[in-house]
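Participant:
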Amino acid sequence: MLAMEGEAPILGKTTDVGANGVSISVPAPLIVGQAGQVTFDLMVDGKFTTISARAKALYCIFSNGEFKIGFQFLHLELSAVTALARYLR
Numbered sequence: 018m019l020a021m022e023g024e025a026p027i028l029g030k031t032t033d034v035g036a037n038g039v040s041i042s043v044p045a046p047l048i049v050g051q052a053g054q055v056t057f058d059l060m061v062d063g064k065f066t067t068i069s070a071r072a073k074a075l076y077c078i079f080s081n082g083e084f085k086i087g088f089q090f091l092h093l094e095l096s097a098v099t100a101l102a103r104y105l106r
């Protein structure tokens, strides 16, 4: 889910996750540089872990009928950093 500043929350599909950010596909474009809250689930050690973080849109490209938005995480909490590291190992 994306909750961008000044807009209603929207659902998206996580397509790529890294230590510094995430790519999410959505039906409508977002403004590059816009900040907000991203929330998504990861399977870590056999159970779902929710990651919720402030993020900034770095790019927005049209691909396969939807918009792929690349987000950079801003100020991740330690629990989120730990969960992402476990997921990515």
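Residue numbers (our numbering): 18 to 106.
Idealized CB from N, CA, C, for every residue including glycine.
The model shown is predicted, which means the values in this text are computed figures rather than measured ones.
At a cut-off of 7 Å, is Lys64 close to the ligand GDP when judged by its beta-carbon and the heavy atoms of the ligand?
Facilitator: This structure lacks the ligand GDP, and indeed carries no ligand of any kind.
Participant: For a quick check, are the C-beta atoms of Phe88 and Gly50 less than 8 Å apart?
Facilitator: For Phe88 and Gly50, no; Cβs fall outside 8 Å.
Participant: Name the one or two DSSP bridge partners that Leu116 has.
Facilitator: This structure does not reach residue 116, given that the chain is present from 18 up to 106, and the question cannot be answered.
Participant: Below 8 Å between beta carbons: does that hold for Pro46 and Cys77?
Facilitator: Yes; because the gap between Cβ atoms is below 8 Å, this pair is in contact.
Participant: Quick one: is Ile48 buried, meaning 16 or more other Cβ sit within 10 Å of its Cβ, or exposed?
Facilitator: It is exposed - the Cβ of Ile48 has fewer than 16 other Cβ atoms within 10 Å.
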